[in-house]
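Heads up: the sequence shown at position 10 corresponds to 10 in our numbering, and the numbers run straight through without jumps.
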Amino acid sequence: MKTSAIVLAAGKGTRMKSELPKVLHPVCEKPMILHIIDKLDAIGVQDVIAVVGHKAEKVKEVVGLRVKYAEQTEQKGTGHAVMQAVPYLNEEGHTIIITGDTPLIQEKTLLSLIENHTQANNDGTVLITKFNDPTGYGRIIRNSSEEVVEIVEEKDANEEQKKIKEVNTGIFCFKNKALIDGLPLLNNNNVQNEYYLTDMVSIFNKQGKKFGSYLLSDNEQVMGVNDREQLAQAEYIMKKYNSVSVKDKEVEKFS
């Protein structure tokens, strides 16, 4: 079944203190968004849609014809961004949604997410991880049966919810039909007045649809890059990953 991907790349990235769009900042001499597109290509994603906004022409200039483009002219949240890409989706198939500032994500993780999603026959699946300090991340809310029933953004979370260490990575896989049907039900009744993609979890639960999760133990892979310090940290981690990868290939070569 066809797998598409939506890369969210419309943000300004003001904390970078740069005129360059956030997703074009390089990690190991390659713009962050190209790391992600390369990995999506490598796992066989047939269609990639980049949602662009801030300095869209600059992003298009760098990425070129490798993807289709959807424009988000107003920054109204992740759900609103995904809405802009819907015209490119067929009702059949699945779609990965990933933010353009997570260049450390590994191909095997994306493949495992898709495999978990399809084998469980979920309508939607969120990639989750755990942090000792989960500040800034949306918290995973489970019911008594340990099913994911809601994702609460940091700014909307109460004190008890803020203690939860299990968090949303911002990476999802959806059945296209369920995604297309659910997006119009999003609202912006929250502190940010934005349309959160994470609200799809509670929408699906109310509709009786199946929403699952896949736990990633290596939380370094899903570190978002929002400022210069995190950019330097991502560069360090990527070099470490690349070093391990080279050693693995050497073992394969001489074994």
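Glycine included, each C-beta is placed from N, C-alpha and C at the ideal position. Values in this document were obtained by computation on a predicted structure and should not be read as measured data.
- Contact between the segment 219–237 and the segment 102–114 is present: 3 or more CB-CB pairs across the two stretches fall below 8 Å.
- Measuring C-alpha to C-alpha distances from Thr-169 to each of Ile-96, Lys-240 and Arg-15 identifies Ile-96 as the nearest.
- For Gly-136, same chain residues with a beta-carbon under 8 Å away, outside a window of 5 residues either side, are Glu-154 in chain order.
- DSSP places Gly-212 within a strand segment (E or B) once states are collapsed to three.
- For Asn-158, no alpha helix (DSSP H) run applies, since DSSP gives it neither H nor E.
- Taking C-beta separations shorter than 8 Å and ignoring five residues to either side along the sequence, the partners of Asn-242 in its chain run Cys-28, following chain order.
- If only complete runs of 4 or more residues are kept, the segment 21–79 shows the alpha helix (DSSP H) at 32–42 and 56–63, in order along the chain.
- Boundaries around Leu-113 are those of the alpha helix (DSSP H), 107–119, since no beta strand (DSSP E) includes it.
- Partner residues in a beta bridge of Ala-10, as assigned by DSSP, do not exist.
- According to DSSP, residue pairing for Gly-124 in a beta bridge involves Phe-174 and Phe-211.
- At least 8 Å separates the beta-carbon of Tyr-88 from that of Ile-33.
- By the beta-carbon neighbour count (other beta carbons within 10 angstroms, threshold 16), Asn-193 is exposed.
- Remark: three or more beta-carbon pairs, one from each stretch, lie closer than 8 Å, so the segment 49–61 and the segment 73–89 are flagged as touching.
- Taking C-beta atoms as the reference points, Ile-128 and Ile-164 fail to come closer than 8 Å.
- Ser-4 has Asp-47 and Thr-95 as its beta-bridge partners, per DSSP.
- By the 16-neighbour rule on beta-carbons within 10 angstroms, Leu-65 is exposed.
- Counting only the Cα atoms, Gly-79 lies some 10 Å from Asn-188.
- Just so you know, the alpha carbons of Glu-107 and Leu-40 end up roughly 7 Å apart.
- In the DSSP secondary-structure assignment, Glu-150 is bridged to Ile-141.
- Annotation: Cys-173 to Ile-114 spans about 7 Å, alpha carbon to alpha carbon.
- Val-201 carries a helical assignment under DSSP once its states are collapsed to helix, strand and coil.
- Taking 8 Å as the cut-off, the beta carbon of Gln-46 is found closer than this to the beta carbon of Ser-4.
- Cβ contact annotation for Gly-182 (same chain, cutoff 7 Å, sequence separation greater than five): Met-200, Ile-203 and Phe-204, in chain order.
- As the crow flies, the alpha-carbon of Gly-11 is around 11 Å from that of Leu-20.
- For Lys-206, the three-state secondary structure derived from DSSP is helix.
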